[in-house]
Amino acid sequence: MIIGGIQKFSLVDYPGMTSAVLFVTGCNMRCGYCHNPELVVPELFMDSLDLEEVYAFLESRTGKLQGVVITGGEPTLRKDLPEMAETIKSMGFCVKLDSNGTNPQGLEELISKHLIDYVAMDIKGPLEKYSEITQRPIDINAIKGSIDTIIDSEIKHEFRTTAVKSQLDLTDFRKMGELIKGAQHFSIQKFVPTKTLDCSFADEKPFDNKEMIQIKEIMSNYVKKCTIR
């Protein structure tokens, strides 16, 4: 497991829990608006942290933190993810996984073995736009499989989308609503052009507040809870 960074305390990354956040390097997508290029592009990778030192830190936080978030990059690309999740669970932490949903078999293993307690999956757009948005050939059947696995498992979960105006419109959100119909929670993340993988997104005009509310109203027809971040 290659850990590119750690946030030692967070009140927002694991809903309802105090947590630490582990950032795994490597991703099979190249979304232009990505704000963590140092976790995505190999040439920009940060120096990896010693895993034993990460575990030692987490051990020192038992009884003080409630959860650990494993994010990326895309953590399910790492074959030793189940082993790491099991180790963290053995310390008494709840584990939340952030994923792009390209590895449904990996998600199924983690869920079926009770190695994670919460999963947040990114929905990039309607299925027909995936390869365009991610700038990679994407198996949309894998995306659909991950969605079905998460919803059918009843594990605590949320789906989330970064709302980029040049890529998505209101019709797209209706399609996405059908895709995740019945989900526990959908979160709309307003795109703020700061650090991005593709510098052209620095001039992106975001959805305004009225438009974000329209998106929320659309998605609320499909999921149990919808929020704007």
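Going left to right, the sequence shown walks through residues -18 to 210 as our numbering numbers them.
Cβ atoms here follow ideal geometry from the backbone N, Cα and C, with glycine treated the same way.
Residue nearest to Met157 within the set Pro107, Glu135, Ile169 and Tyr111 is Pro107 (criterion: CA-CA distance). Within the stretch 144 to 204, the runs of alpha helix (DSSP H) at least 4 residues long that lie entirely inside it are, in chain order, 151 to 160 and 190 to 200.
A distance below 6 Å between beta-carbons, with the five flanking residues on each side excluded, links Lys205 to the following residues of its chain, in chain order: Gln165. Nearest to Asp150 by alpha-carbon distance, out of Gln116, Thr177 and Phe188, is Phe188. In this structure, the CA atom of Leu39 is about 39 Å from the CA atom of Glu113. Going by DSSP, Lys77 is part of the beta strand (DSSP E) stretching over Cys75 to Ser80.
Cβ-Cβ distances below 7 Å link Ile121 to Leu108 and Tyr111 in the same chain, with the five nearest sequence neighbours on each side left out; the list follows chain order. When the Cα atoms are used, Gly(-15) and Met200 turn out to be separated by approximately 34 Å. For Met65, the enclosing alpha helix (DSSP H) starts and ends at Leu62 to Ser71. The stretch 87 to 103 makes contact with the stretch 138 to 149: 3 or more CB pairs, one atom from each, lie closer than 8 Å.
Taking 8 Å as the upper bound for CB-CB distance, Thr57 and Leu88 are in contact here, some 7 Å apart. Beyond the five residues adjoining it in sequence on each side, Lys70 comes within less than 7 Å, by CB distance, of Val76 and Leu96 in the same chain, given in chain order. Taking 8 Å as the upper bound for CB-CB distance, Thr177 and Tyr14 are in contact here, some 5 Å apart. Taking a C-beta distance under 8 Å as the contact criterion, Ser127 and Gly82 qualify as a contact pair. Listed as beta-bridge partners of Phe4 by DSSP are Gly(-14) and Thr52. Going by C-alpha positions, Glu64 is about 43 Å away from Glu192.
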